[in-house]
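Residue numbers (the numbering used here), protein chains in the order written: chain A, 1 to 227; chain B, 228 to 484. Note that the Cβ used here is the ideal one computed from N, Cα and C, for glycine as well.
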């Protein structure tokens, strides 16, 4: 029994989506987390709440709104001008947009908590040593918050690999473009192809276990280094 | 102020507990008058109307679940407590009987589905010419491995000899309801749906595909072994064959056997 058809294509697609999503979520999430960690105003609380929404809402709510947003009555109209495509749904770009929205809270929450734990003191000390704000952030605050950031990024990555409801609703199940591992697994189970389903499901269990284990070991090690 | 006849502190939780018990035990008591029925997504429209009419007539409770036929077969084979199954094809009920999940000789065709191409997009009429011209980005259908209407759409496209050229533009829903939703939301310009789904939404143009392009979608119902002694399930299946039910079914664009 070999590896079933289409699995490698879906695997590559899921991994690319998770990589791109994680990078974008970190690029957006870290500045956001920094801003939120040092804000005391009411709008910081509002922003935190809004950013947490995707964590609490069912993915189908996000999927439903994205389906409308990406279509010709939303961003799709803009896309039509730029690319000639009437919609952003059913594309890798559309999946990235949805996945970033879903993964951002993991990065922000974890990194924000790390920044808050580090506190202002190390940065202020760096200032007294005449470091510029950017340099203080880059060489002091960020390295100290790295374990939190890493945890957030890894969870965002793993979550994107496991995302189902959202990508089902905006993907359209196109092989090589939007048929991710989780969707392929669903197709296999529903059509009775359980041999293929076992490959994917088993692989995902192993993957999830490895991710959690590696994360735990890495955090322990970082904690030891910090101490 | 002296509170009169004040409830004891425990009366509220007690009543709550009683209500919960009443709700959970009720189905066991009234088992004969309640049936859970798995219904293929293309039949949502008529099913709701049929259930309303049947409930009014008998007082029985019919609890419908809607989804793709393939999904239901997997659920039934793994102990889902449905009493009857209205499939979108004839193969799945036959297989369920063969494997011991369906009651022998309970299978019958309740409707014959009609495949339609629907385009709400202006300047893109639903027609054979549009399929040949392929002047669109996305055409929605349901997954042919999961849903009979998807298989019918693929058969029709192959008969028209446009399957190869259109395949890259396919977007697939897991059931016919999702294929419809892709078109309705405007993300796909057109799509293959069940004629019954267009009952309420005459926006745009519809091409009813000629029957010779695809094998007839004979939709069979079956009484499941789980509901073998469920009177409501049996009565509802019989009701589907009544002239009143057939009128509702044909009104939604199905043929009847």
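May I ask you to check if the CB of residue 436 of chain B is nearer than 8 Å to at least one heavy atom of the ligand GDP? You won't find the ligand GDP in this model; it holds no ligand whatsoever.
Against chain B, does residue 70 of chain A count as a neighbour if the rule is that its beta carbon must be under 9 Å from one of theirs? The residue given as residue 70 of chain A occupies position 70 in the first chain. Chain B, which has a Cβ nearer than 9 Å to the Cβ of residue 70 of chain A, makes this yes.
What's the C-alpha gap between residue 17 of chain A and residue 364 of chain B? Taking the first chain and counting its residues from 1, the one referred to as residue 17 of chain A is at position 17. Taking the second chain and counting its residues from 1, the one referred to as residue 364 of chain B is at position 137. Near 22 Å, if we compare the C-alpha coordinates of residue 364 of chain B and residue 17 of chain A.
So does the segment 436-450 of chain B actually touch the segment 389-400 of chain B, counting three or more Cβ pairs closer than 8 Å? no
For residue 98 of chain A and residue 334 of chain B, I'd like the C-alpha separation in whole angstroms. Against the first chain, residue 98 of chain A aligns to sequence position 98. Against the second chain, residue 334 of chain B aligns to sequence position 107. About 44 Å.
Pick helix, strand or coil for residue 45 of chain A, following the three-state DSSP scheme. Counted from its first residue, the first chain places residue 45 of chain A at position 45. Three-state result, residue 45 of chain A: helix.
Evaluate residue 229 of chain B with the Cβ neighbour count: other Cβ atoms within 10 Å of its Cβ, from every protein chain shown; 16 or more gives buried, anything less gives exposed. Residue numbering aside, residue 229 of chain B sits at position 2 when the second chain is read from its first letter. Caution applies to residue 229 of chain B, whose pLDDT of 48 falls short of 50 and renders its modelled position unreliable; the model cannot decide the point.
Roughly how far, in whole angstroms, is the beta-carbon of residue 185 of chain A from the beta-carbon of residue 161 of chain A, given that I think they are within contact range, below 8 Å? Here residue 185 of chain A refers to the residue found at position 185 when the first chain is read from its first residue. Here residue 161 of chain A refers to the residue found at position 161 when the first chain is read from its first residue. With a Cβ gap of about 11 Å, residue 185 of chain A and residue 161 of chain A do not count as contacting.
Using the beta-carbon of each residue, which ones in chain A are nearer than 8 Å to residue 293 of chain B? Locating residue 293 of chain B in the second chain gives position 66, counting from the first residue. Here the premise fails: no neighbours, minimum Cβ distance about 15 Å.
Report the rounded CA-to-CA distance for residue 217 of chain A versus residue 295 of chain B, giving the unit in angstroms. Taking the first chain and counting its residues from 1, one reaches residue 217 of chain A at position 217. Taking the second chain and counting its residues from 1, one reaches residue 295 of chain B at position 68. Residue 217 of chain A and residue 295 of chain B: Cα-Cα distance of roughly 43 Å.
Entirely enclosed alpha helix (DSSP H) segments - the segment 91-147 of chain A, minimum 4 residues: 92-118, 121-128, 133-136
To the nearest whole angstrom, what separates the beta carbons of residue 367 of chain B and residue 297 of chain B, a pair I think is in contact under 8 Å? Taking the second chain and counting its residues from 1, one reaches residue 367 of chain B at position 140. Taking the second chain and counting its residues from 1, one reaches residue 297 of chain B at position 70. So it is not a contact: roughly 18 Å between Cβ atoms.
Chain-ordered residues of the segment 421-438 of chain B with a beta carbon less than 9 Å from chain A: none
Within the continuous beta strand (DSSP E) that includes residue 289 of chain B, where are the two ends? Numbered from 1 along the second chain, position 62 holds the residue referred to as residue 289 of chain B. Its beta strand (DSSP E) spans residues 288-294.
Helix, strand or coil for residue 20 of chain A per DSSP? Within the first chain, the letter at position 20 stands for residue 20 of chain A. DSSP places residue 20 of chain A in helix when its eight states are reduced to three.
Under a Cβ-count criterion, where at least 16 other Cβ atoms within 10 Å of its own Cβ denotes burial, should residue 451 of chain B be classed as buried or exposed? Reading the second chain from its first residue, position 224 is the one you call residue 451 of chain B. Residue 451 of chain B should be labelled buried.
Between residue 189 of chain A and the rest of its own chain, which residues show a CB-CB distance below 6 Å, the 5 nearest in sequence each way excluded? If you number the first chain from 1, residue 189 of chain A lands on position 189. The answer, listed in chain order, is 197.
Output the distance between the C-alpha atoms of residue 38 of chain A and residue 100 of chain A, rounded to the nearest integer angstrom. Here residue 38 of chain A refers to the residue found at position 38 when the first chain is read from its first residue. Here residue 100 of chain A refers to the residue found at position 100 when the first chain is read from its first residue. One C-alpha to the other measures close to 23 Å.
Check the Cβ-Cβ distances between residue 152 of chain A and every residue of chain B, and say whether any is below 9 Å. The residue labelled residue 152 of chain A in the question sits at position 152 within the first chain. By this cut-off, residue 152 of chain A is not an interface position.
Rounded separation between residue 14 of chain A and residue 475 of chain B - CA only: Residue 14 of chain A sits at position 14 when you count from the first residue of the first chain. Residue 475 of chain B sits at position 248 when you count from the first residue of the second chain. Spanning the two alpha carbons is a distance of roughly 45 Å.
Do you know how far the Cα of residue 306 of chain B is from the Cα of residue 328 of chain B? On the second chain, residue 328 of chain B is found 101 positions in, with the first residue counted as 1. On the second chain, residue 306 of chain B is found 79 positions in, with the first residue counted as 1. Their backbone Cα atoms lie some 9 Å apart in a straight line.
Sequence-distant residues of its chain with Cβ nearer than 7 Å to residue 85 of chain A (five each side left out): Taking the first chain and counting its residues from 1, one reaches residue 85 of chain A at position 85. Closer than 7 Å at Cβ, skipping near neighbours: 79.
Anyone know if the C-beta pair for residue 260 of chain B and residue 455 of chain B falls short of 9 Å? Position 33 of the second chain, counted from the first residue, corresponds to residue 260 of chain B. Position 228 of the second chain, counted from the first residue, corresponds to residue 455 of chain B. Contact flag unset, no.
Segment limits, beta strand (DSSP E) that includes residue 433 of chain B: As a first step, residue 433 of chain B must be located in the second chain, where it is residue number 206. From DSSP, the beta strand (DSSP E) with residue 433 of chain B extends over 432-435.
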